[in-house]
Amino acid sequence: MDRDDRIITRLSGVGLSYARQGGLPWKRARFWALKDVSFDICRGDTLGVIGRNGAGKSSLLRLIAGIMLPDAGTIERRDGIRCAMLSFGAGFEPRLTGRQNIMLSGLQLGMSRSRIRQREEQIVELASIGDFIDQPVRTYSTGMRARLGFSIAYFIESDILLIDEALATGDEAFRERATGLIKGKINSDQTVVIVTHSMQIVEKTCTRVIQIESGHSLPEQGVEETIKRYRETTILA
2 MDRDDRIITR
12 LSGVGLSYAR
22 QGGLPWKRAR
32 FWALKDVSFD
42 ICRGDTLGVI
52 GRNGAGKSSL
62 LRLIAGIMLP
72 DAGTIERRDG
82 IRCAMLSFGA
92 GFEPRLTGRQ
102 NIMLSGLQLG
112 MSRSRIRQRE
122 EQIVELASIG
132 DFIDQPVRTY
142 STGMRARLGF
152 SIAYFIESDI
162 LLIDEALATG
172 DEAFRERATG
182 LIKGKINSDQ
192 TVVIVTHSMQ
202 IVEKTCTRVI
212 QIESGHSLPE
222 QGVEETIKRY
232 RETTILA
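Counting in the numbering used here, the sequence shown runs from 2 upward without gaps.
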């Protein structure tokens, strides 16, 4: 299978902007968190996204997931492609219970109710939030939301798994278990996009790397070359 046949998502000139606060409303300039970002995601890739804090990496994941829409450019997905995002429970409906949010998340990704129910107890067991699973999500702590969000994204079937390193939260035992599960996904045929500051993770697991600087995607190079460029840019900053 050649590369074009393996492409399942393509970003072309993607931009995301926010209105700056302060000043007269009609004079407010827009701040571009991302601008002219272009790259492909291919089936089976483990794609690392690296860059300094504030570069726009987490916003990029939300765009790929469809949680946010770009203000410029296009994101094209092959028909039927589904994304699941390991994050702090982005997209939860706070008035619904954890169990109801499991069903909602699965339905949004095109799964049948019967298939979601087959996965439900695995999700509940991994989340380890006890009887809170039947309480509204608005009553959850940040750690509980993160654990449930992780568990849903891990077990709900998707074509692309999006991992934000910022999800590291909660107790140490859960973090260790989650890290092991993530490594298992990366070592499988699952397509993974991971935001990370760890060059060790990039070197050991990623087949490709995209570097984001000041909201722009830099020209793609090999993994080793991109890591070297990132370290040089960080030193010069």
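Don't be surprised by glycine CBs; every beta carbon is placed ideally from N, CA and C.
- Assigned with DSSP and collapsed to three states, L110 falls in coil, not helix or strand.
- The C-beta separation of V15 from I76 comes to about 6 angstroms, placing the pair in contact by the 8 angstroms criterion.
- Note on K229: under 16 other CB atoms within 10 angstroms of its CB, so exposed under the neighbour-count rule.
- A direct Cα-to-Cα measurement between L62 and L17 gives close to 12 angstroms.
- Judged by pairs of C-beta atoms under 8 angstroms, the stretch 96 to 110 does not touch the stretch 28 to 39, as fewer than three such pairs exist.
- R146: member of the alpha helix (DSSP H) spanning 143 to 156, first to last residue.
- In the three-state reduction of the DSSP assignment, F93 falls in the coil class.
- The three-state secondary structure of I68, taken from DSSP, is coil.
- Three or more Cβ pairs drawn from the stretch 45 to 53 and the stretch 190 to 201 lie within less than 8 angstroms of each other, which places the two stretches in contact.
- Taking C-beta atoms under 8 angstroms as the contact rule, I157 and M112 qualify, at a distance of about 7 angstroms.
- In chain order, T47, I187 place their CB closer than 7 angstroms to the CB of T206, counting only its own chain and leaving out the 5 sequence neighbours on each side.
- Counting every other CB atom within 10 Å of its CB across the protein chains shown gives K58 a total of 16 or more, marking it as buried.
- In the structure shown, the three-state DSSP call for G14 is strand.
- Taking the C-beta atoms as reference points, L163 is found nearer than 8 angstroms to M86.
- Here the alpha carbons of R139 and E94 stand approximately 8 angstroms from one another.
- Cβ-Cβ distances below 7 angstroms link F175 to S129, R148 in the same chain, with the five nearest sequence neighbours on each side left out; the list follows chain order.
- For E173, the enclosing alpha helix (DSSP H) starts and ends at 173 to 187.
- Less than 8 angstroms separates the beta-carbon of I9 from that of R79.
- Excluding residues up to 5 positions away in sequence, I103, M104, G107, L108, I157 lie with their Cβ nearer than 8 angstroms to the Cβ of I117 in the same chain.
- In the three-state reduction of the DSSP assignment, D41 falls in the strand class, which pools E and B.
- When beta bridges are read from the DSSP output, R118 appears opposite no residue.
- In the DSSP assignment, D6 falls within the unbroken alpha helix (DSSP H) covering 4 to 7.
- Judged by DSSP secondary structure, I51 falls within the beta strand (DSSP E) whose first and last residues are 47 to 51.
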